[in-house]
Each structure stands twice: as structure tokens, then as C-alpha cells.
Amino acid sequence: MSFTLIHDLVKYPRLPLFIAIAALLPALAVAKPETPIEHVIVIVGENRTFDNLFATYRPKKGETVWNLLSRGIVRADGTPGRNFRLAAQQRLDTQGAYTPTPPTVGPYATLPQPYASGAFGQRRDAPDARFPADLPNGPFQITRHVGYGAHTGDPVHRFFQMWQQVDGGRNDLFVSTAETVGVGPSNGKAPLAPGRTFQGGVAMGFYNMAAGDAPIFKRLAERYAIADNYHQPIMGGTTANYFALATADVGYYAVDGKPAVPPARQIENPDTQPGTNNWYVEDGYAGGTYVNCADPDAPGAAGIHALLKRQAYRAFNDGNCAPDTYYMVNNLDPAFTANGEPLPLAPDKFLLPPQTMPNIGDALTAAGVSWKWYSGGRNDGKAVDKEYCGMCDTLSYFPSTMNGPDKAKLEDLQQFYVDVKNAATFPAVSVIAPYDSISGHPGYAVAPSFDELVQDVVDRVQANPSLWRNTAILVTFDEGGGYYDSGYVQLIDFFGDGTRIPLIAVSPYAKRGHVDHTYYDHASIIKFIERNWRLPPLSKRSRDNLPNPLHDAREPYVPVNRPAIGDLMNMFDFSRKGGQ
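Residues 15 to 594, numbered by my numbering, are exactly what the sequence shown covers, in order.
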């Protein structure tokens, strides 16, 4: 056993045992795939809900889809439909203790004018003059006012805000939550104050596929398979949802691998500040990010647990909150540099301490299954380079990766373009986290850039027939970015699920033109990998333990056996010879 591994087992006693065993002995047998899929490539964009991109998608004959067009909320030309009122946004009014379902005082007459907060080249502190000040109260087509490639505002997408946006399944507080809270009082980027959140009605924007928007995604959906019931697993932003993609779990504050109490300033408090309407006590990018959700007296905890208990089914692990554990519910960077150097932790350092829970990289390594995590800009220097998203490089949060040979499996995206040429050595499982500027993230990126990256990856894989014939490319997003979505949300535990996000399965074996209604989230990708390579669930508390959904034809989107999450197998037909 190496000195490094001995050091890690002593310092991080919760380090999974199978990692130590894998380090001591060569793999006795490499896990073989159960299906013809020998390679899974996951491409992750940023911050788009299903309705934001697929609002007006019309599937082939015999298929159905739940979107703004099919529900009559909008017409094919993007204007309000006969059921537009179903998406009307309410104005909230709350005081005191946080609740995810706050009282409301009636609908907006018209949407507050969208802001361009965070949008490249636009003012963030004034309404975006490109959009009208009297938009009808409901979803609006972004491209009636700006081009598909225009930089637009960035809706708020924080943990406690998202719970209020979804409002127990009514999906009617996307605007009001953003208008009253925004990113919170501790945001160090601007002197925000109650009533100055620089949001407006930007969350209600959508793109119109029926009018030519998102043509690449439309073509992929028509040729391959999509899911219209796939969800971000955690309420909130990038770090937590990328983390769930690798662990089916949630990170927590730790000292030497054990749960500990974080600095007071880093603890969330979404209760209303006295004298304000819904302005949280502590929530911001330079403020809180942890919550001890097992403590019923912890700010924010009681309201969410009460909502879970009102459901007709029991929450996963009664909410999945371990005692005396402060879970990360908002964005934090890893405590390692891209090169593996440890970074100092302090009350003013907003870094997630090294994590020791099981992750998919460790599980694949232990089973002898090859993998890589490709990140745009990883080789470009320090994490301050905007092109490199440290919080998207998820396995870099783990000493099991950063202090061992698996660190070499964290590669720059440029290496993908080399690796894809050789099917014999291409990894069995890979994740692509794009350069920030082509991630599709609202504000600093634009939607077409991510679409074009996806098409380029598909083209390169298909150009290598020996690779393409045994590959599944799964295209999704980290989370919905705070955009409105009309879909059903299954409340699984204290942390989510959240809104629907797109998922496209591109493969010779994907059901052509199919729209899969099975309930999925990021744990579904882990379940697909585990089933394909016959791997067990990652841990007792990870969501890959949940059963596959049973669906009733009368309610095709709501699992009968809630909580339940599928394994993506319904998106494929492996009976076709050679995928033809």
C-alpha cells in the first residue's frame, strides 16, 4: 500500500474500503457490460429547463410530450395559448420563519420587465430595454425580442429560492421569489438590497423550436430519444447538481473526513429579515451555503420537512438528513487545485472540504471499468481562469482521486478530441464539462454554443464507426438555472428533486423519435452505468438505491411507487441488431 493511501485512510477514515482494496490488488476481473453499450459519454450543459428549450417541440406521430405547447399554455408561434393562465405567476407575501410554500397575495398584472443581470455586454442594474415592460403574466418567447445567440439575464437558482419557486408543485413563484430574494444579502458582487435583486420576469423566458430555435437539439430529438420527465436532483445550482451526478448524494462540511460544524457565516438562514418581505437573513454567494437539516430548529429545515410529510408517500430515508451533518446546498469550489494541490480552508474561503463518500469514479476503478472526466480549460492554469469550471470537475473534490493514480483521469477537454479517434482505448465512461463560454449558461454564455459542442461531439464519435456502434451519448444540463418549467416535480427528500431539465440519448440503440415519460434525475445516469456494468449502489443513502418507477397510463409522469427513479433503459431498444 502506498504512503499516500495510508495517509488518506488515516486522515479520512470514511474513505470507502473498496478504494483501499483496489489500490492493494490489481482488478481480478473487469466488469463486462450487460448491454451492447460499451461506452457512455455524458455531456453536461448549464442552466436550462425542459420548457426553456423544448417548450414548443412537436414529436413524431404516435408520441406525446408534456410542454408549454401541448398543454395549451402557448401557441406554436410563441404567443399565449388557451391555457396561458396555468402558468400565471403569483406575488408572495411572507414574514418570519421560512416556508417553501409561502402565502400569496394574487397574480401579477403583467410580468416585471426582465433584467440582463450577468449578461455579457449588458447593464445589470437596470431593466433590459430589449424586452417590453408589459409582458403578459406567463411564459414569453425570448427570440421575439433578441436573437437565439443573444446574451440574456441569469435567473436566480439557489437552494431555498428554488423550493419557493416550485411552491409545492404549483410552479407559480419563479418571478416573485427572484424579485424578493434574488441571490441574497451577502452577495459580494453588488450592493443588493430588498427590492433591488435585478431579476424581473427573466425566469419566464423560453425558446421556440417550432419557430426555428435550437435546431440542433430538435434534429437530435427527432432522430434519437428524449426524456420529458428528467429532473435536476437537487434544488439549487451547479455544485450540488454536478455532485449528485457523481455521487447520487449531497456533499457536507467535514474536518478530516468527518462531519463538523462549519463557520457561522457559511450556515444558511432563509428566514425573513424583520421589516422586509421575504429577504433572507443569510443567503448569498459570499454567505451561507450549509444547512443542518436533521435539526428541526435549523432555519429553513422545518418548513421543507413539513412539506415532505404532507405528501402521500414517505420521503427517501425520511428526508436523507444525517444527524449533526451540515449539507452543502449552494455553490462551493473544491479544496484542491486542478493540479491536486490542497487549498487552505478558513471562514472566508468558500471551499467544500475534501469529501470521502463513495463516488462513481471510485466504483468504476474498483470494478476495473475505465473512465475519464474531461473539463474545458483544465490545462489553462489556475481556477481563476473563467473558462475552467472547478465546481464542474466533480471528482476533484475527493482525495481518493486527487491523491492517487485516478487524478490522471481528470483531463482537459482537448484530450477528448485525441482519445475519440481510438475506440480500443477510449474510456468506458466519460463526462464532458464544457468551457464556461460554451456551456450554454445564461449571462456569460449563449445557448447555441453548447448546441454546437454537442453536435461536434456526436460528429466525432460517429466518424469512428467502431466507437459509435457501441456508444450512448447522454446530453443533459446540470440544473434548470431558475427558469420556469410546467412539469411535475417528485419531492424525494430534503434536497429535491427540482425542475425538469432536458435529456437526449444519442445512440444507434436509442428509440428513434421517442419521448420517454419515465421519471428520471441525475441518479438515473448512475443507475444506468451501474446496471450496464453490474455494479452495486454507491452507498446506503445514495439515490441509486431507489426503485425504478412504476407508471400508470392515467398518470404517466407520476410514479405509483414514489419515491422512485428510473435507470434510462426505457430510452433504448437493444433488440435491434447492430443498433439498426
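Backbone N, C-alpha and C fix where the C-beta goes; we use that ideal spot for every residue, glycine too.
Item to complete: Out of ASP407, TYR129, MET176, point me to the one whose CA is closest to TYR112's CA.
Response: Here residue 112 is taken as the residue at index 98 of the sequence shown, counted from 1. Among ASP407, TYR129, MET176, the Cα nearest to that of TYR112 belongs to MET176.
Item to complete: Assign LEU424 to one of two classes, buried (16 or more other C-beta atoms within 10 Å of its C-beta) or exposed (fewer than that).
Response: Translated into the one-based positions of the sequence shown, residue 424 becomes position 410. It is buried - the Cβ of LEU424 has at least 16 other Cβ atoms within 10 Å.
Practice prompt. Could you check which residue in GLU48, HIS53, ARG555, PRO448 has the C-alpha nearest to that of ALA438?
Written response: By one-based count along the sequence shown, residue 438 stands at place 424. The candidate whose alpha carbon is nearest that of ALA438 is HIS53.
Discussion item. Give me, in chain order, the residues of the same chain whose beta-carbon lies closer than 7 Å to that of VAL520; leave out the 5 immediate sequence neighbours on both sides.
Written reply: In the sequence shown, residue 520 corresponds to position 506, counting from 1. Result list for VAL520: LEU234, TYR238, VAL472, ILE487, VAL489, in chain order.
Practice prompt. Tell me whether PHE220 sits in a helix, a strand or coil according to DSSP, three-state version.
Written response: In the sequence shown, the residue the question calls residue 220 occupies position 206. The answer is strand: DSSP assigns PHE220 an E or B state.
Discussion item. Rounded to the nearest angstrom, what separates PRO40 and ALA381 at their Cα positions?
Written reply: Taking the first residue of the sequence shown as 1, we reach residue 40 at position 26. Taking the first residue of the sequence shown as 1, we reach residue 381 at position 367. Below a pLDDT of 50, predicted positions are generally treated as unreliable, and PRO40, at 44, falls in that range; the measurement from the model is reported next regardless. Their backbone Cα atoms lie some 10 Å apart in a straight line.
Discussion item. Count Cβ pairs between the region 253-267 and the region 555-565 that sit closer than 8 Å; are there 3 or more?
Written reply: yes
Worksheet item: Any chance the region 492-505 sits against the region 244-260, with 3 or more Cβ pairs inside 8 Å?
Response: yes
Practice prompt. Leaving aside the five residues before and after PRO277 along the sequence, list all residues of the same chain whose C-beta is less than 7 Å from its C-beta, in chain order.
Written response: One-based indexing of the sequence shown puts residue 277 at position 263. Taken in chain order, the residues that qualify are PRO361.
Worksheet item: Nearest to ASP530 by CA position, among LEU125, MET583, ALA578, is which residue?
Response: Walking along the sequence shown from the start, residue 530 turns up at place 516. Of the listed residues, the one whose Cα sits closest to ASP530 is MET583.
Worksheet entry | GLY291 versus PRO208: straight-line alpha-carbon distance, rounded | As a position in the sequence shown, residue 291 is number 277, starting the count at 1. As a position in the sequence shown, residue 208 is number 194, starting the count at 1. Per the sequence presented here, residue 291 reads as Asn, with Gly not at that position. Rounded to the nearest angstrom, the two C-alpha atoms are 8 Å apart.
Worksheet entry | Three-way DSSP call (helix, strand, coil) for GLY209 in this model | For the purposes of this step, residue 209 is taken as residue 195 along the sequence shown, with counting starting at 1. Here GLY209 sits in coil by DSSP.
Worksheet entry | Through-space distance from ASN334 to ALA461, alpha-carbon basis | Walking along the sequence shown from the start, residue 461 turns up at place 447. Walking along the sequence shown from the start, residue 334 turns up at place 320. For ALA461 and ASN334, the distance between alpha carbons rounds to 35 Å.
Worksheet entry | Sequence-distant residues of its chain with Cβ nearer than 6 Å to LYS386 (five each side left out) | The residue labelled residue 386 in the question sits at position 372 within the sequence shown. So the list reads LYS423, GLU425, PRO441, SER444, once near-sequence residues are dropped.
Discussion item. Restricting to Cα atoms, I'd like to know which of GLU401, TYR533, ARG72, PRO313 is closest to GLY527.
Written reply: Here residue 527 refers to the residue found at position 513 of the sequence shown. Minimum Cα distance to GLY527 is reached at ARG72.
Discussion item. Taking the straight line between their C-alpha atoms, what separation do you get for GLY250 and ALA69?
Written reply: For the purposes of this step, residue 250 is identified with residue 236 of the sequence shown, where counting begins at 1. For the purposes of this step, residue 69 is identified with residue 55 of the sequence shown, where counting begins at 1. If you take the alpha carbons of GLY250 and ALA69, they lie about 22 Å apart.
Worksheet item: Nearest to PHE330 by CA position, among ASP139, ARG576, TYR340, ASP587, is which residue?
Response: Within the sequence shown, numbered from 1, the residue matching residue 330 stands at position 316. Closest option to PHE330, Cα to Cα, is ARG576.
Worksheet item: Per DSSP, TYR304 is paired with what?
Response: Translated into the one-based positions of the sequence shown, residue 304 becomes position 290. Its beta-bridge partners are ILE281, MET342.
Worksheet entry | Distance between ARG158 and ASP332 (C-alpha atoms, nearest Å) | Counting from 1 along the sequence shown, the entry for residue 332 is found at position 318. Counting from 1 along the sequence shown, the entry for residue 158 is found at position 144. Approximately 45 Å, taken between the alpha carbons.
Worksheet item: For THR118, which of helix, strand or coil comes out of DSSP?
Response: Numbered from 1 along the sequence shown, position 104 holds the residue referred to as residue 118. When DSSP states are grouped into helix, strand and coil, THR118 belongs to the strand group.
Practice prompt. Measure the C-alpha to C-alpha separation of LYS421 and LEU409 and round it to an integer number of angstroms.
Written response: Position 407 of the sequence shown, counted from the first residue, corresponds to residue 421. Position 395 of the sequence shown, counted from the first residue, corresponds to residue 409. Cα-Cα distance, rounded: 9 Å.
Discussion item. Just to confirm before moving on: does the CB-CB distance between GLY167 and ASP186 stay below 8 Å?
Written reply: The count along the sequence shown starts at 1 and reaches residue 167 at position 153. The count along the sequence shown starts at 1 and reaches residue 186 at position 172. No. Outside cutoff.
Fill in: Rounded distance between the beta-carbons of ILE446 and ILE51, thought under 8 Å
The residue given as residue 51 occupies position 37 in the sequence shown. The residue given as residue 446 occupies position 432 in the sequence shown. Your pair ILE51 and ILE446 does not check out as a contact, with CB atoms roughly 17 Å apart and the cut at 8 Å.
Worksheet item: Is ARG3 near ASP297, with beta carbons less than 8 Å apart?
Response: This structure gives no information on residue 3, because the portion of the chain shown stretches from 15 to 594.
Worksheet item: Which first and last residues belong to the beta strand (DSSP E) in which PHE491 is found?
Response: Residue mapping note: residue 491 aligns to position 477 of the sequence shown, counting from 1. PHE491 -> beta strand (DSSP E) spans 485-491.
Item to complete: Would you check if the distance between the CB atom of PRO313 and the CB atom of PRO284 is smaller than 8 Å?
Response: Sequence index remark: in the sequence shown, residue 313 carries index 299 (1-based). Sequence index remark: in the sequence shown, residue 284 carries index 270 (1-based). Contact: yes.
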